[in-house]
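Numbering (the numbering used here), first residue to last: 145 to 381. Using N, Cα and C, we set each Cβ at its ideal position, and we do this for glycine too. What follows is a single structure, written as structure tokens, with notes after it.
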Ligand SMILES: [Zn+2]
């Protein structure tokens, strides 16, 4: 019997969740890069420092920021990976010591999802025969290959997103005349934040304008604060 074409074969739906996770994390990481590096550049520029000092400080802020983002992401995702590995070890142990009980547990999960007890039992038996640990990982623990915690990948993605965002303030520190670096960086940063705030909102299915204004507001506040504090130093180098 030829299989009836499933919904996915004719017109695959576009589920936001499929692309939101990592893209939204990347946009938010870029936001961090834009705001924190722009804050350093604007603050140092407001202190009256020379172009090379502003640039050197900005680049140091990029490196420090990207490394700390990567370290933070690595540690948090690694602890998630550790938890997953510990759960899988317990599951493996239970499958060895109480295979019958585990089979009933899996069948019960399928009954709760709407299968008849007979069919649930049959599905559980077939999945146990195929790969019992994978079935329990997916249907009992919610751990799938696609969503497995990948600390190094997450750390690299986070550092890359931060650095991508930082290109804006570093670019304006490079290109603007030294006496206009603070103003140029603030303008470029606000445009960048309005765009990324709107994009993050759109990806999350939220109103774009509100998302853009919200991020823009906090960015403007950060620029104003660092400019004020930088101005206090008024260093002539
Ligand atoms: Zn189990």
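Candidates the options: closest to residue i by CA position
i	options	result
residue 242	355, 220 and 277	277
residue 176	205, 187, 219 and 201	205
residue 316	166, 170 and 185	185
residue 170	308, 330, 235 and 355	308
residue 179	313, 355 and 320	313
residue 253	237, 236, 271 and 240	271
residue 291	353, 225 and 262	225
residue 325	374, 230, 263 and 249	374
residue 360	372, 334 and 246	334
residue 256	284, 166, 203 and 294	284
residue 214	352, 298, 362 and 346	298
residue 366	166, 182 and 167	182
residue 279	296, 371 and 235	235
residue 249	269, 230, 288 and 209	269
residue 251	238, 231 and 266	266
residue 172	356, 207, 371 and 190	356
residue 244	263, 273, 231 and 233	273
residue 363	376, 352, 329 and 351	329
residue 247	223, 264 and 289	264
residue 331	167, 238, 371 and 345	371
residue 322	167, 227, 190 and 174	190
residue 240	166, 275, 167 and 306	275
residue 232	192, 289 and 203	289
N- and C-terminal bounds of the alpha helix (DSSP H) containing residue i
i	result
residue 226	195 to 241
residue 291	No alpha helix (DSSP H) holds residue 291; DSSP gives it neither H nor E.
residue 324	That residue, residue 324, is in no alpha helix (DSSP H); it is neither H nor E in DSSP.
residue 373	352 to 377
residue 265	261 to 280
residue 312	295 to 319
**Q.** Any heavy atom of ligand 1 within less than 6 angstroms of residue CB: hits in chain order
**A.** This criterion selects 235, 238, 246, 249, 280 and 284.
Q) Within the chosen definition, does the segment 334 to 345 reach the segment 190 to 209 through at least 3 CB pairs nearer than 8 angstroms? A) No, the segment 334 to 345 is not in contact with the segment 190 to 209.
Q) Okay, do the segment 297 to 306 and the segment 210 to 223 touch, 3+ Cβ pairs below 8 angstroms being the bar? A) Output reads yes: the segment 210 to 223 touches the segment 297 to 306.
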